[in-house]
Amino acid sequence: MNVQRRLLPNTAALAAFEAVARLGSFTAAARELDLTQGAISRQIGLLEEQFGRRLFERDSRNVRLSSAGEIYAEAVRSALGQLRDAALGLMSNRHSGVLNLAILPTFGTRWLMPLIPDFVARHPDITINFATRIGRFDFARERLDAAIHHGMPDWPDADCTLLMRETVMPVVSLEFLATRAIATPADISRLPLLHMATRPGAWSEWFEHLGLEAPTGPGMQFEQFGTVAQACMAGLGVALLPEILIAGELQRRQLVPAPGTPMQSRSAYYLVVPHDKRGHPPVASFRDWLLGQIGKEPAVLAW
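Note that my numbering has the sequence shown beginning at 110, numbered continuously upward.
Given below as C-alpha cells:
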C-alpha cells in the first residue's frame, strides 16, 4: 500500500469509525448506519490494519476508544462534517456559499428571525445554517463562521462588531403586583428574585446602580430568558429582563415594570467573526445587512 492510499481511508470505514466512537457501541453504530454488526467490525478492522494502530479497546461487554482513537475521532468528526457541508452545497446549487451562524436562543427567536426573510430575499444564493450556542466556543471545532454573542468584546482571535447595547428592567406579572406591596426599588430586595444562570451578577449590578444593597438569599435560577419570562408571568417572582426581548409581553401587559429605573447593562450584543473568516463573502454580506437593520456604523474590536 503506497503512502497516499494509506493516509486516505474510504469514507465508509470513516463513517463506521465515527459512529462507533460517538455511540460507544458496534451494535448501535450498525443500527444507525443500517449495516450488520459484522460489517461495522470489518470496517474498523480495515482501518486498524491500514494504520497499524488499535483504535478501540474491547472486552466482552464494552468498547471504548484507545488513546490514538480519541485523537483520530476528533479529526474524523470534523472532516466528515466538512464533507457533508460540501455535498449539501453542491446538491443545493449554492453559488454564493453558506453561512454557518451561531445564535442566542431568545435573541435569535424574538429579534433576529423576524428579520431573516429580508436577508433571504436580498441574498437568495446564500444559505444560512443556524446553531444555538450560549457562551464562547471553538469556531473551528464547531465549524461555524460567525456568532451573535452577548457579553464583552473579548473573544480571542476574532473581530467583535458592536450591534446594540442592552437595557434591562425589573418586571412582574399584574397578579403578582396586586398581591405584594411594591412601592420602591428597595421593596424588590425582599421579594423572590428570578435569576439567569448565564448572568449571575445581573441583580447585584442593578441594585448597585440604584445605590442599594443587593440581597444575598437564594432564588430560582433558569438557563434561558424564555423560561424566566414564563416563570415571571406565572407569578413566581421578579425578573430582570432586557426590554428588547420582552416587548411583546410588555405590550400585552403580561409583564409590567416593577418600581426602579431601567439600567443599561455593562455587556452588549456583538457579531463575532474569527479572523480566518474575515474574507468569507457570506459573512461580509450578513454583517453589512445586520448593521443596516440596526441602522448604525460598525464599531469593530479585534482580539
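Ideal Cβ placement from N, Cα and C applies to all residues, glycine included.
Subject >> First and last residue of the uninterrupted beta strand (DSSP E) at residue 389 >> reply: Where residue 389 is concerned, there is no enclosing beta strand (DSSP E), given that its DSSP letter is neither H nor E.
Original post:
Is residue 123 helix, strand or coil when you go by DSSP?
Top reply: helix
Subject >> Run of the beta strand (DSSP E) containing residue 206, from where it starts to where it stops >> reply: 206–212
Original post:
Rounded to whole angstroms, how far is the Cβ of residue 352 from the Cβ of residue 278, which I believe are closer than 8 Å?
Top reply: 6 Å
Original post:
With burial defined as no fewer than 16 other Cβ atoms inside 10 Å of the residue's Cβ, what is the status of residue 282: buried or exposed?
Top reply: buried
**OP:** Grab the span of the beta strand (DSSP E) containing residue 173 for me, first residue to last.
**Re:** 172–174
Subject >> Residues near residue 155 by beta carbon distance below 7 Å, same chain, minus five either side >> reply: 122
Subject >> Residue range of the beta strand (DSSP E) that includes residue 374 >> reply: 372–383
Original post:
Nearest-angstrom Cα distance between residue 328 and residue 303?
Top reply: 6 Å
Original post:
Smallest Cα separation from residue 130: which of 153, 382, 119?
Top reply: 153
Original post:
If we count Cβ pairs, one from each stretch, closer than 8 Å, do we get three or more for the segment 371–389 versus the segment 254–262?
Top reply: yes
Original post:
Could you give the residue range of the alpha helix (DSSP H) that holds residue 157?
Top reply: 146–160
Subject >> Whole runs of the alpha helix (DSSP H) within the segment 238–317, excluding any shorter than 4 residues >> reply: 248–251, 283–287, 294–297
Subject >> Burial state of residue 270 (16 or more Cβ within 10 Å) >> reply: buried
Original post:
Start and end of the beta strand (DSSP E) containing residue 348?
Top reply: 347–351
**OP:** Classify residue 167 as helix, strand or coil using the three-state DSSP reduction.
**Re:** strand
Subject >> residue 338 versus residue 161: straight-line alpha-carbon distance, rounded >> reply: 56 Å
Original post:
Is the Cβ of residue 158 closer than 8 Å to any Cβ of chain D?
Top reply: No chain D is part of this structure, which consists of one protein chain only.
**OP:** Apply the 10 Å Cβ neighbour rule to residue 299 and answer buried if 16 or more other Cβ atoms are within range, or exposed otherwise.
**Re:** exposed
Original post:
Should the segment 205–215 be called in touch with the segment 383–392, which here means at least 3 C-beta pairs below 8 Å?
Top reply: yes
Original post:
Nearest-angstrom Cα distance between residue 374 and residue 151?
Top reply: 57 Å
Subject >> Residue nearest to residue 263 in terms of C-alpha spacing, selected from 246, 251, 275 >> reply: 246
**OP:** Please go through the same chain and pick out, in chain order, the residues whose beta-carbon is closer than 6 Å to the beta-carbon of residue 214, but skip the five residues on each side of it.
**Re:** 241, 333
Subject >> Close-in-space but distant-in-sequence residues of the same chain around residue 163 (CB under 8 Å, 5 per side omitted) >> reply: 157, 175, 177, 178
Original post:
Which value, in whole angstroms, describes the spacing of the CA atoms of residue 202 and residue 230?
Top reply: With a pLDDT of 48 at residue 202, under the threshold of 50, the modelled position of this residue cannot be trusted, and the question is left open.
Subject >> Member of 284, 348, 185, 237 whose CA lies at the smallest distance from the CA of residue 118 >> reply: 185
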